[in-house]
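Presented below is the structure to which this report refers.
2 protein chains.
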Amino acid sequence: MAGGPSTPELAIAVGQAGGLGFLAAGYKQAGVVAEEIAAVRAVTDAPFGMNVFVPTPESGRAEPAALKGYLSELAPEAERQGAALGEPRFDDDGWEAKLTLVCDERPAVVSFTFGCPPADVFARVHDADICAWVTITNVDEARAAHAAGADGLVVQGTEAGGHRGGFIDDGSDEGGIGLLALLRITARATPLPMIATGGIMDGAALAAVLCAGASAAQVGTALMLSPEAATAEAQRAVMPEPGPTRVTRAFSGRPARGIVNRFLAEHSAGAPLAYPEIHHATSPLRAAARKRGDADGFNLWAGQAHELGQARPAGEIVREMADEAEAILARVSAGRRDPGTSGGSR
Amino acid sequence: MAGGPSTPELAIAVGQAGGLGFLAAGYKQAGVVAEEIAAVRAVTDAPFGMNVFVPTPESGRAEPAALKGYLSELAPEAERQGAALGEPRFDDDGWEAKLTLVCDERPAVVSFTFGCPPADVFARVHDADICAWVTITNVDEARAAHAAGADGLVVQGTEAGGHRGGFIDDGSDEGGIGLLALLRITARATPLPMIATGGIMDGAALAAVLCAGASAAQVGTALMLSPEAATAEAQRAVMPEPGPTRVTRAFSGRPARGIVNRFLAEHSAGAPLAYPEIHHATSPLRAAARKRGDADGFNLWAGQAHELGQARPAGEIVREMADEAEAILARVSAGRRDPGTSGGSR
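Here it is as structure tokens:
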């Protein structure tokens, strides 16, 4: 989880509960990320990971006319929020500075999103004794990450909230492959350990992905109602309610799954492929909407099972997921050996 | 699996392997279905189920202009296949005749697709001592099926090949919810047993859905390369190859997932909501393409993990899935108790 919800407090709580907490580098200045690393290390020796955005290649710059058209479409939104559109700039999110920071700070894991770094980046990371993961959404990406030097794959199913973490948005993703199917085809495509992500909200889902071949589960939405997360209040109110999600480029110019709200419904059709330009352009609008508590004016990133979210301390959520998974595995396994009892978890 | 691939031989093989074989009533005359039931019962006493399409309500008749426009778009396809477009008729697929047949023949289970029958239909089915399942693709449908009298829910994830089995196509489905997330939110919404379907191709996926709360798994694509299935030869050649699938209305006027081929790519954008009208219109074209071995000219229905399909006898596939699931559950469960060993299945 980049940007808002991710905090040092959340990484600390997850780490202290026996999970692997993550800090987000995406959207933040390297100096801020360094402060967050220090904040975690001041409190706990638990290992943690860092997530870094791989920059959009130059060839992925927005088509100027499409971008301009979409910015015009957004002018009334800016007026509504009493904010000015941000500069739709193309940048690399401080890629080199963040890579240097990662290699200096040596978290247990660095996970890359939005692309596969070249082999020399993996070499630098490995020289610093850091484990490198790459987020994939299909088997071609899995094979490419394996070939480039990844140590593990974050296998992102269509269920996942927030940005689709795949390499290229060529419009063919169509919301993507379901987690269970993606785990099984990826397991046959590379020997790399798989970290399953997308829609995992409880111990039953954790047990399921372990059976499907994952070594671990990565959760985001499941922690967003915890007090340690910096989730906007207006989003906290909406998330536990049942309601459809959709993949949209409306907020950032890159496909991401969020709860359907007015902004998403009105602007998904017009939004072009233009990341990070649109991200920067809408940023002040989204900040203003969050501040005003206008849940129809900003991105309500959430996975497809968001209604199962719990407003409890993150450490409790992590511990309960692990305990529940263990109990379910024991029960279902016993049920298979003794057909007289019913398997599964309700 | 309605139409092509489903055969009495497949239902027999699955039943003899300890699974619950299914016969398709969809698209077939009731008399043909009766013959297939007799064919199964002549060979085995194993219980079997029947799948019946719930008719499109009158309010769901195609918008005439949209239908006409799409039929014009298809004229070159008809020419290409040397076939005439079929009559784009609106019908109920012999609903009453099939219901009567089901109640007379008393299969173990009847599963309904494309909608939820009214409560009096469940009463008739229950009077005949038949268990009634309803296919659902979201939680609202699950609640409606429970209220109407369903005994079980076929929980269809986005991964599934062929038609989306939900109630209404209002364009909001967007390819749907991933199986794992859908199982978990459905488990909290109704107390009904869940039969998981969508992308389940091996024992690891079976073990996963059992952990996620399903009582059983329903498979389609996993059996389509078996000799007992009547899968078209041109489709058999394509299915084991990795390749993207997409949800499209191009072939039938109702969303269904198939392997992307020329027909799907060229006609998905133009196809309106018009089932069963478009189904009937394209039927002769699809039959001609199958006969010619033109895999670009007909519907290659397949789930998202189709590349894992095996060309083996159906009974072997079913038995191996069950055995593999049991072994994986035992291994993962043991791994959770002993953190020194790695969990999961590769």
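Residue numbers (my numbering), protein chains in the order written: chain A, 1 to 346; chain B, 1 to 346. Cβ coordinates follow ideal geometry from the N, Cα and C atoms, glycine included. Because the structure is a prediction, the values reported are computed rather than measured.
- Close to Met201(A), with beta-carbon spacing below 7 Å, are these residues of chain B in chain order: Arg184.
- In this structure the region 290-304 of chain B does not touch the region 272-281 of chain B; the number of beta carbon pairs closer than 8 Å is below three.
- At a C-beta separation below 9 Å, Pro88(B) has no neighbours in chain A, since its nearest C-beta there lies roughly 27 Å away.
- Spatial neighbours of Met321(A) in its own chain (CB-CB distance under 7 Å, excluding positions within 5 residues in sequence) are listed in chain order as Asp202, Gly203 and Leu206.
- By the criterion of at least three beta-carbon pairs nearer than 8 Å, the region 188-197 of chain B is not in contact with the region 228-239 of chain B.
- From the listed residues Ala145(A), Arg254(A) and Gly31(A), the smallest Cα separation to Ala97(A) is found for Gly31(A).
- Using a 10 angstroms sphere on the CB of Arg257(B), the tally of other CB atoms reaches 16 or more, which defines it as buried.
- Interface flag for Leu20(B) against chain A is unset, since no Cβ pair is found closer than 8 Å.
- In this structure Gln29(B) is exposed. Its beta-carbon is surrounded by fewer than 16 other beta-carbon atoms within 10 angstroms.
- Taking a beta-carbon distance threshold of 8 Å, Glu307(A) counts as an interface residue toward chain B.
- Judged by beta-carbon spacing, Pro242(A) lies beyond the 8 Å limit of Glu159(A), meaning their Cβ atoms are not closer than that value.
- Proximity of the region 41-48 of chain B to the region 2-18 of chain B meets the contact definition, three or more beta-carbon pairs being nearer than 8 Å.
- In this structure, the beta-carbon distance from Gln218(B) to Thr245(B) does not fall below 8 Å.
- Arg286(B) and Val318(B) have their C-alpha atoms roughly 30 Å apart.
- For a Cβ distance threshold of 8 Å, residue set Cys211 of chain B lies close to Ile328(A), ordered along the chain.
- Counting the other CB atoms within 10 Å of its CB gives Pro227(A) a total below 16, which places it among the exposed residues.
- With its beta carbon less than 8 Å from one in chain B, Gly303(A) belongs to the interface.
- Contact annotation for Ser333(A) against chain B: Leu329, Ala330 and Ser333 [CB-CB distance below 7 Å, chain order].
- DSSP lists no beta-bridge partner residue for Trp95(B).
- Between the region 107-122 of chain B and the region 46-60 of chain B there are three or more C-beta pairs closer than 8 Å, enough to call the two in contact.
- Interface residue (Cβ-Cβ distance to chain B less than 8 Å): Pro47(A) is not classified as such.
- Per DSSP, Cys116(B) is not a residue of any alpha helix (DSSP H), being assigned neither H nor E.
- Along the region 105-177 of chain A, the beta strand (DSSP E) occurs as fully enclosed runs of 3 or more residues at 109-113, 131-136 and 152-156, listed in sequence order.
- Contacts with chain A (Cβ-Cβ distance below 7 Å) from the region 127-139 of chain B involve Val139, listed in chain order.
- Between Gly176(A) and the set Arg188(B), Ala34(B) and Gly157(B), the nearest pair of CA atoms involves Gly157(B).
- The C-beta of Thr158(B) comes closer than 8 Å to at least one C-beta of chain A.
- One finds Gly178 and Leu180 in chain B with Cβ atoms closer than 7 Å to the Cβ of Leu179(A), taken in chain order.
- Pairing Met239(A) with Gly309(A) gives a Cβ-Cβ distance under 8 Å.
- The alpha-carbon separation between Arg80(A) and Gly270(A) amounts to approximately 18 Å.
- DSSP, read as helix, strand or coil, puts Gly309(B) in coil.
- Phe48(A): member of the beta strand (DSSP E) spanning Phe48 to Phe53, first to last residue.
- Residue-level contact by beta carbon fails for Arg286(A) and chain B, as no gap is shorter than 8 Å.
- For Gln218(B), the enclosing beta strand (DSSP E) starts and ends at Ala216 to Gln218.
- With respect to Arg188(B), Ala325(A) sits apart: the two C-beta atoms are not nearer than 8 Å.
- Excluding residues up to 5 positions away in sequence, Asp92, Asp93 and Trp95 lie with their Cβ nearer than 7 Å to the Cβ of Pro55(B) in the same chain.
- Rounded to the nearest angstrom, the gap between the Cα atoms of Asn299(B) and Gln235(A) is 42 Å.
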